[in-house]
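Colleague: If you count the sequence shown from 1, position 176 lands on 176 in full-length UniProt numbering, and the numbers rise without skipping.
Dropping the structure in here first, questions after.
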Amino acid sequence: MTVNHQPQDERFVSSFVFPRGDSKRLFYSDFLNRPILSPKSVLHSVFCHLPFQDATIFIDRLGVTSFVRENFPMFCPNLIRLFYTNLTFNGRVLKTSVNGTDIEMTLKDIGELFKFSFESCDFHKFASKEFKTFSSYDTITEVCLEKVLGRERLTVGGLKPHFRILHYFISKVLAPRKSSHSKIFSSDTRLLFVFLNNIKIKWAKFFCNNLILMKSKGSLGYVFPIMNILRAFDVPLKDIHVQKNHTWYIDVATFNRSNVPRACKKKKVMKKKEKKRVKKNMTRRANRRMSKKPLKWNRLGIPLLLGCHALLHRVALIVPSFNGF
Numbered sequence: 001m002t003v004n005h006q007p008q009d010e011r012f013v014s015s016f017v018f019p020r021g022d023s024k025r026l027f028y029s030d031f032l033n034r035p036i037l038s039p040k041s042v043l044h045s046v047f048c049h050l051p052f053q054d055a056t057i058f059i060d061r062l063g064v065t066s067f068v069r070e071n072f073p074m075f076c077p078n079l080i081r082l083f084y085t086n087l088t089f090n091g092r093v094l095k096t097s098v099n100g101t102d103i104e105m106t107l108k109d110i111g112e113l114f115k116f117s118f119e120s121c122d123f124h125k126f127a128s129k130e131f132k133t134f135s136s137y138d139t140i141t142e143v144c145l146e147k148v149l150g151r152e153r154l155t156v157g158g159l160k161p162h163f164r165i166l167h168y169f170i171s172k173v174l175a176p177r178k179s180s181h182s183k184i185f186s187s188d189t190r191l192l193f194v195f196l197n198n199i200k201i202k203w204a205k206f207f208c209n210n211l212i213l214m215k216s217k218g219s220l221g222y223v224f225p226i227m228n229i230l231r232a233f234d235v236p237l238k239d240i241h242v243q244k245n246h247t248w249y250i251d252v253a254t255f256n257r258s259n260v261p262r263a264c265k266k267k268k269v270m271k272k273k274e275k276k277r278v279k280k281n282m283t284r285r286a287n288r289r290m291s292k293k294p295l296k297w298n299r300l301g302i303p304l305l306l307g308c309h310a311l312l313h314r315v316a317l318i319v320p321s322f323n324g325f
C-alpha cells in the first residue's frame, strides 16, 4: 500500500533549504511526486500473544525487536522525499541534508539509535563465511508445508504458520516493498535462513543499503525510522503532517481474517457474479426448451389445412371422377 501525498501548501516546499543547486533540481524532477509506502509498526500485543511467539522469538533473538516496533505519531512526506534526495552511503557513513540540517551517521550511531547489535556478517555479501552453508532448497524445505514442496512458484500461503507471520514482518517492516507481499523472493529466502540459523548480521548496514535501493527506484519506505532520525537531529518538522491511522500498526487483529474488510468485500462481489451467471444460464436453457416445442395450431395447423383443401380442389378439376371431400 502506498501513500501519495502531494504538497497541499506550496510555502512548505518553497521554503526548503537545499545544499546545492542540482539537489533542488533533483528533488523537483525525481522525488516530489514519488509515492511513499504506508508505514508499519508491530505492536507489543503481537509479542505477548501466544500463537505469535514462535515467530517473534526469531525477531527477539536477532535483536531487531526495537526496529520493527519503531513508530511516530505522524510523518512529513516532503521531508522524507528530501531525506532521500540528498542521501549518500559509502559503506561506513550515512549522509544526507534535510532543510538545512546536515545529517551524518556511522553504522555504530545507527545501531545505537535503533538498538541493533553491531556484528561482523554482511548480509549483502554472498561470499561471507556465514552464508557458505546457505541452500535455498534446504531453507524452503524447512519453512514450507510438505504439500507445496514440489511446486515451482511458492507463495506465502505455502509457509508454515509462524514463518508466514515472520515473512509478513519482513515484507512490511524489515525490507518493505510496494506490492507482491505474497511472493517469496530470493532475498526473503536468505532472510529466513538468517532467522533460522541465528546469524548475527549488520542490521545497520542492511538498513542503509535498502535505503539506497529505494532511492534508486520505486516507492520510498522506512517512514518511521527516518522520522526518528529527523527527531534525533532536531530537524524542524515544517511540512504537511500526515496523522496516524489504524492501518499503520500490526496487531493481533491484523492476522484475523474476519477483520479484513477487503476479503469480505471480494467474497460478496463473487457471490453477485455467481448469481448473475447462474441466472443467465437458466435463461439460455429456457430459450432452448421453447425453441424445441411444436408451434401452436393457429400458427401452423390452419394454413396447412387450407393448403391441403386448395390442392384437393385442383385435383378434382383435373380428374372429374374425384369428388374431393
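Just so you know, even glycine gets a beta-carbon here, dropped at the ideal spot from N, CA and C.
Every value quoted in this text rests on a predicted model; they were computed, and no experiment measured them.
1. Report the option in I229, E104, L107 and R81 whose CA atom is closest to the CA atom of S23.
2. Could you check how far apart the C-beta atoms of F12 and N78 are, in whole angstroms? I think they sit under 8 Å.
3. Okay, do the region 220 to 240 and the region 108 to 115 touch, 3+ Cβ pairs below 8 Å being the bar?
4. Output yes or no for whether 8 Å exceeds the beta carbon distance between V194 and K40.
5. Quick one: what's got a C-beta closer than 6 Å to I103's C-beta in the same chain, skipping five residues either side?
6. Any chance you could list the beta strand (DSSP E) runs of at least 3 consecutive residues sitting entirely within the region 92 to 171, in chain order?
7. CA-CA distance, K160 and V143?
8. Can you tell me which of the three DSSP states Y249 falls into?
9. In its own chain, which residues sit with a C-beta less than 6 Å from the C-beta of T189, not counting the 5 before and 5 after it?
10. When DSSP builds the beta bridges, which residues end up paired with F75?
11. Below 7 Å CB to CB, which residues in the same chain sit around K183 once its five sequence neighbours on both sides are set aside?
12. Residue range of the alpha helix (DSSP H) that I184 falls in?
13. Find the nearest neighbour of F67 within the set N86, V42 and F83, judged by alpha-carbon distance.
14. Measure the Cβ-Cβ separation of F163 and L191 and say whether it is below 8 Å.
15. Do S45 and V252 have their C-beta atoms within less than 8 Å of each other?
16. Going by the CB atoms, is the gap between C208 and F83 shorter than 8 Å?
17. Along the chain, where does the alpha helix (DSSP H) containing N228 start, and where does it finish?
18. How is S258 classed by DSSP in three states: helix, strand or coil?
19. Under the three-state reduction of DSSP, which class applies to L32: helix, strand or coil?
20. Express the C-alpha separation of P73 and N259 in angstroms, rounding to a whole number.
21. Should F31 and N99 be called a contact, given that it needs their Cβ atoms to be closer than 8 Å?
22. How many Å lie between T56 and L166 at the Cα?
23. Given a cut-off of 8 Å, decide if T85 and L26 are closer than it, judged by their beta-carbon atoms.
24. According to DSSP, I201 sits in a beta bridge with which residue or residues?
25. Taking the alpha-carbon positions, what's the S171 to K279 distance?
26. Looking only at DSSP bridge pairs, what is L26 linked to?
27. If L87 and K215 are in contact, beta carbons under 8 Å, what's the gap, nearest whole angstrom?
28. With the cut-off set at 8 Å, would you say L62 and K200 are in Cβ contact?
29. Use the C-beta contact count for M282: other C-beta atoms within 10 angstroms, 16 or more gives buried, fewer gives exposed.
30. Give me the Cα-Cα distance between G21 and K217, rounded to the nearest whole angstrom.
31. Please list, in chain order, all residues of the same chain as M105 whose beta carbon is under 6 Å from its beta carbon, the five residues on each side excluded.
32. Sort out for me which residues DSSP pairs L220 with in a bridge.
33. Mapping the DSSP letters down to three states, classify F206 as helix, strand or coil.
Modeller: Considering the structure as presented:
1. R81
2. 6 Å
3. yes
4. no
5. T96 and F233
6. 93 to 98 and 101 to 106
7. 6 Å
8. strand
9. S136 and T139
10. V242
11. T155
12. Neither: I184 is in no alpha helix (DSSP H) and is coded neither H nor E.
13. V42
14. no
15. yes
16. no
17. V223 to A232
18. For S258, the pLDDT reaches just 40, beneath the cut-off of 50, and the residue's location in the model is therefore unreliable, leaving the point undetermined.
19. coil
20. Low per-residue confidence applies at N259: pLDDT is 40, beneath 50, and the placement is therefore not dependable enough to give any value.
21. no
22. 7 Å
23. yes
24. C121
25. 42 Å
26. Paired residue(s): none; L26 is not in a bridge.
27. 5 Å
28. yes
29. exposed
30. 22 Å
31. L94
32. I36
33. helix
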